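Have a look at the structure below, then the notes.
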Amino acid sequence: MNSKVYIETFGCQMNVADTERAVTGLRKAGYEMTSLPNEADVVLLNTCSVRERAERKVFRRVSELRKSPRHPVIGVMGCVAQLEGSSIFQRASAVDLVIGTQATDRIPSLLARIRDGEESVLDLDERQEGEVWDVSPAERRSPYVAFVPIIEGCNKFCSFCIVPYSRGREKSRGANEIVAEVQQLRSLGYKEVQLIGQNVNSYRPKTEDGLEGYAGATAFSRLLRAVAETGIERIKFTTSFPRDFHPDIVSAIEEYPNLCNWVHLPVQSGSDRMLKAMRRGHTSADYLRRVEIIKSSSRSLALTSDIIVGFPGESEQDFADTMKLVRDCEFDGLFIFKYSKRSRTPAANFDDAVSESDKTARFLALEELQIELQDKTYNRQVGRALSVLVEKQSARSNEDVSGHSTCNKVVNFKGNTTQRGSIVDVLISEAKPNSLYGTAISG
Ligand code: SAH
Ligand code: F3S
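Basically this note's numbering = 1-based index in the sequence shown + 22.
Written as structure tokens, this is what we have:
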């Protein structure tokens, strides 16, 4: 069999990692992959449902694909598949296959059922015994940076968020398996691993296997030390949940130079009233205490966050509290989202919706503030030397290359593509709105 499969991936890093895993399984089963949807016999859309706009995109894409002369088999995988289930067949009759978030490893057998004549195939079941993360290096998106999932799902049920419904309960991978994967990636020449999960610091494996002998106040900080001991050059991790952010994470970073100096800690709001309605389990003071610990580290850690504006009931005063918190935290980067109602979540039934125009006004005001603050934080890097993993040629200039610093900022400098995959010290000379520019002083 030489059917060609094309996969389009939307949404978060977990979806990127799921696609890599799906491709590994499909190749093993004899499928070829293609980057051209027009020549594919099977098209899979790996979908996101965190915000309404992301969800609508899927159905738009299905109707475009339906017109493709080759009439490919169309499958929907990811969060929209898990949430909408069989109703997708009604809403978009061109879809043949609905693959839930835990059915990634079963895609080849689901496709075989279509080939055998079944018209609509659905799998929303849980992962089965013996299904483990298996990603072939050939399928990784980058030859230098690898995503390594350590925990799937979420138990937090923030009132606005669909993830606990689309991804199920938290399930942590065994530490032995994670460490072995990182060791293998290192021996293959990967320079950086990003440990990923909805909440990495809620990591709670079934057993201590692989963590024995490592000090640490939480299983996550023991895991960080175990992964650091593999000697891989750089380790990043995302996302951290504020309530579970233990100071020992910062201690681990201070002990191991290969744990990078960046923490992504979504706050969502600066108003205690909103944080309570969002069911975040932390107040703004709790959050600021964590920020204090992060900012007082000897490693000068970069801090980034997420904020939702226009949550139901958010008053001008609540929003002013968010502006104040953002000013106090001076984030190195901020993702701002307008609240988007997700059916099934508790907040979908909350009163006092904020008007679209107020949401937009707050979004723009917060964005303007962040631009002003980021200008300050980025300019503070001027005159410093940052260690940069060279990833690609810069999009702006043929003479420049581009990569990320250990503090996860984009850095461009004069260089050539033979440097890809190497780590170079760059003296920063200029700060731009979302990147830094400098000159190589090593490598
Ligand atoms: N802990 C998760 C959060 C997942 S969702 C993680 O791994 O990043 C990512 C971000 O999307 C959230 O932090 C939140 O700011 C935003 N978000 C989630 N649900 C939303 C909604 N209903 N409306 C607007 N933004 C939302
Ligand atoms: Fe969503 Fe809150 Fe979990 S934002 S992913 S329910 S921590």
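A virtual CB, placed ideally from N, CA and C, is assigned to each residue, including glycine. Since the structure is predicted, the reported quantities are computational estimates derived from the model, not experimental observations.
Only buried fits F341, as 16 or more other CB atoms lie within 10 angstroms of its CB.
I200: member of the alpha helix (DSSP H) spanning 197–209, first to last residue.
The stretch 267–274 makes no contact with the stretch 288–298: fewer than 3 CB pairs, one atom from each, lie closer than 8 angstroms.
For the pair of segments examined, the stretch 199–217 was found to touch the stretch 143–162: the number of CB pairs separated by less than 8 angstroms reaches three.
In the same chain as C351, and ignoring 5 residues on each side of it, the C-beta atoms closer than 8 angstroms to its own belong to V289, L310, V313, L325, S327, in chain order.
Here DSSP, grouped into helix, strand and coil, assigns Q396 to helix. As the crow flies, the alpha-carbon of I463 is around 30 angstroms from that of L356. Sorted by position in the chain, V72, R73, F182, C183, V185, Q220, N221, T261, P288, Q290, D328, I330, F359, Y361, S362, R364 make up the residues whose C-beta lies under 6 angstroms from a heavy atom of the ligand SAH. Taken through DSSP and simplified to helix, strand or coil, V331 comes out as strand.
According to the DSSP assignment, Q216 belongs to no alpha helix (DSSP H) but to the beta strand (DSSP E) extending over 214–218. Take the alpha-carbon of I136 and the one of R73: they are about 31 angstroms apart. Secondary structure of D343 (DSSP, three-state): helix. Where V45 is concerned, the enclosing alpha helix (DSSP H) starts and stops at 35–50. In the DSSP assignment, D447 falls within the unbroken beta strand (DSSP E) covering 445–453. With contacts defined by Cβ atoms closer than 8 angstroms, R384 and G437 do not form a contacting pair. With at least 16 other beta carbons inside 10 angstroms of its own, E336 counts as buried. For K178, the CB falls within less than 7 angstroms of some heavy atom of the ligand F3S. With contacts defined as CB atoms closer than 8 angstroms, Q220 and V185 qualify as a contacting pair.
Excluding the 5 residues flanking it on each side, D266 has same chain C-beta neighbours closer than 6 angstroms at N223, S224, in chain order.
Residue pairing by DSSP places V154 opposite no residue, since no beta bridge is assigned to it. Between L347 and G303, the C-beta gap is not smaller than 8 angstroms, which leaves the two residues out of contact. By the criterion of a C-beta distance shorter than 7 angstroms, I316 is surrounded in its chain by V272, V285, L323, L325, once the five residues flanking it on both sides are discounted. For F242, the enclosing alpha helix (DSSP H) covers residues 241–250.
Burial state of D373 is exposed, judged by a 10 Å Cβ sphere holding fewer than 16 other Cβ atoms. Not one heavy atom of the ligand F3S falls within 7 angstroms of the beta-carbon of F242. Around the beta carbon of H93, fewer than 16 other beta carbons sit within 10 angstroms, so the residue counts as exposed. In the pairwise beta carbon analysis, the stretch 356–370 is classified as touching the stretch 181–197: at least three pairs are separated by under 8 angstroms.
Taking 8 angstroms as the cut-off, the beta carbon of S142 is found no closer than this to the beta carbon of C101. In the DSSP assignment, K298 falls within the unbroken alpha helix (DSSP H) covering 294–299.
DSSP places L105 in no beta strand (DSSP E) but in the uninterrupted alpha helix (DSSP H) bounded by 101–106.
Closest by C-alpha distance to V412, out of T461, K381, E390, is T461. For the pair S90 and V27, the Cα-to-Cα distance works out to about 14 angstroms.
At least one heavy atom of the ligand F3S lies closer than 7 angstroms to the C-beta of F263. The distance from the Cβ of T69 to that of M36 is about 12 angstroms, inconsistent with a contact at the 8 angstroms cut-off. Counting of Cβ neighbours within 10 angstroms places A417 among the exposed residues, the total staying below 16.
Within the stretch 162–186, there are no complete alpha helix (DSSP H) runs of at least 4 residues.
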